[in-house]
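Data first, discussion second: the structure below is written as structure tokens.
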Amino acid sequence: MASEDIEIVSDGNGVAVLGERSAVDKFVESVGLISKELPLERVSKAAGLSATAMQAGSGIAQTSGRWIKLSEDSARIFNAKNLMAGSENGLARAVVMKDGKISNLLEIVTSPTAMLSNPAVLAGVGGIIAQYAMQQSMDEITDYLKVIDEKIDDILRAQNDAVLADLDGVGMLIDDAMVVRDQVGHIGETTWSKVNSNAKTIATTQSYALRALAGLAEKLEDKTKMGELAKITREIESKATQWLAVLARCFQLEDGMSVLELDRVLNGSPDELENHRIALQIARERRIAHITKVTEQLLERIAVVAGLANSKVLLHPKSSSEVVKATNAVSNDLVEFQSRLGIESAYGALESKKWLKAVSEVRDKVTDAGADGLSAIKQFGDETKNRALDKAEDVATSFAENIKKSRSGESAKDSPEAIEK
């Protein structure tokens, strides 16, 4: 590989840019993306090669490396979809040529260049970029938790369950271990012994939080009375964010454990690093899938309830508005939580239909279509999720006919207070 060329290694979550420092710096500057320095000296240790051997062999000793998170912008620049298409074991390689210019920038390679000809070196790079991706996720969750940190404290104090109480202690141990790792450069036996038994506590707490969120969704099943729904949705609004905070902290600590675990394997059993990295990635994807399923189920129930509330705005303007307000707050919290974990949601916000606007729409419907029914729901995510519409049609049509008969009646009959009664 020419001195002007740089090599790209990606695991689908991040990209390692490798090459001579001047070439790497030039490329990173040209694409305008935020990057972090890669500690490639750790790769040398993992490969079991001396500095002299590394210099004579793959050249990693003279190589500079930067890590870039794969985002919408960076994925477009790196043509990530094509880059990953022919990858093996989740790692893809490419070479940037033409003096670092980004036009036609990637030449997909199916065999390692000299820099990554040593399998242990490639595995080491893969392990490090996996750690960087998880640390980036941990940082983003930290920002999320800062906003709702008080709610985490509240729920931990309010619960008698020892598992929830233990989570705070586990978090302190892992946070301390991450500090030691940053200062020393690796995790020693003493530090590892303090944290390696905490995985069960984290998993148990995560399961507890997921069951709690599933329970909130169950509370909404088969509920149609606006007064009852207003009470339940207020309760869900107060509890959902708290459990999401606990769930986010669990996910963050699991990523922290994985970072420390990869460190131990990198230093102790480098020949197992690649398989270990892949196994941790699979486990992480399974956790995300489980979290996605539970949060989407809650969002789906909220969509149905919010649609039902908006369809009954004429009969129950006050309680309907309260339901939509509470469900919208919960849906916003859920979507924000999902985005922090890299989960894409099809759901958005539901606008509460104003009472006078609904009355006007009913009158227009009666005049123009002979009272064929009222559709009072503004789209909330996928239309198939608004099954409550059918239940509201009969009530809305009947009410529309009454309005038609009394169009010239007293204006007081059209007031929210009169209808609510």
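Take the position in the sequence shown, starting the count at 1, then add 267; the result is the number in this note's numbering.
Cβ coordinates follow ideal geometry from the N, Cα and C atoms, glycine included.
Given the structure is predicted, the values throughout are model-derived calculations rather than measurements.
Can you tell me where the beta strand (DSSP E) holding residue i begins and where it ends?
i, result
"residue 276", "273–277"
"residue 338", "Where residue 338 is concerned, there is no enclosing beta strand (DSSP E), given that its DSSP letter is neither H nor E."
Given a cut-off of 8 Å, decide if residue j and residue i are closer than it, judged by their beta-carbon atoms.
i, j, result
"residue 608", "residue 558", "yes"
"residue 554", "residue 518", "yes"
"residue 565", "residue 480", "yes"
"residue 226", "residue 441", "Here the chain covers residues 268 to 688 and nothing more, so residue 226 does not appear."
"residue 405", "residue 278", "no"
"residue 415", "residue 290", "no"
"residue 457", "residue 437", "no"
Looking only at its own chain, which residues have a Cβ that is under 7 Å from the Cβ of residue i, when we skip the five neighbours before and after it?
i, result
"residue 286", "272, 273, 274, 330, 331"
"residue 597", "503, 504, 507, 569"
"residue 281", "334, 335, 336, 337, 396, 399, 400"
"residue 411", "515, 607"
"residue 303", "333, 334, 399"
"residue 466", "524"
"residue 288", "331"
"residue 600", "507, 508, 511"
"residue 444", "454, 458, 461, 462, 527"
"residue 483", "503, 506, 507, 565"
"residue 532", "539, 540, 543"
Excluding the 5 residues flanking residue i on each side, which residues of the same chain have their C-beta closer than 6 Å to its C-beta?
i, result
"residue 544", "393, 394, 397"
"residue 498", "none"
"residue 610", "559"
"residue 530", "453, 454"
"residue 547", "525"
"residue 661", "Interpretation of residue 661 is limited by its pLDDT of 43, a score under 50 that renders its predicted location unreliable; the figure taken from the coordinates is listed afterwards. Excluding positions up to five away in sequence, the list is empty."
"residue 316", "Note that residue 316 scores 48 on pLDDT, short of 50, meaning its location in the model is unreliable and no value can be drawn from it."
"residue 534", "453"
"residue 447", "458"
"residue 344", "298"
Starting from residue i, follow the alpha helix (DSSP H) in both directions and report where the run begins and ends.
i, result
"residue 461", "456–462"
"residue 578", "540–578"
"residue 592", "584–607"
"residue 486", "466–486"
"residue 490", "Counting along the chain, residue 490 falls outside any alpha helix (DSSP H), and DSSP gives it neither H nor E."
With which residues is residue i paired in a DSSP beta bridge?
i, result
"residue 286", "331"
"residue 304", "333"
"residue 281", "336"
Can you give the beta carbon distance from residue i to residue j, rounded, assuming they're within the 8 Å contact cut?
i, j, result
"residue 541", "residue 390", "4 Å"
"residue 500", "residue 593", "4 Å"
"residue 595", "residue 573", "7 Å"
"residue 493", "residue 413", "Rounded, the Cβ-Cβ distance is 36 Å, inconsistent with contact."
"residue 477", "residue 561", "5 Å"
"residue 283", "residue 305", "6 Å"
Between which residues of its own chain and residue i is the CB-CB distance below 8 Å, once the five residues before and five after are set aside?
i, result
"residue 472", "430, 431, 433, 434, 513, 517"
"residue 409", "519"
"residue 403", "281, 336"
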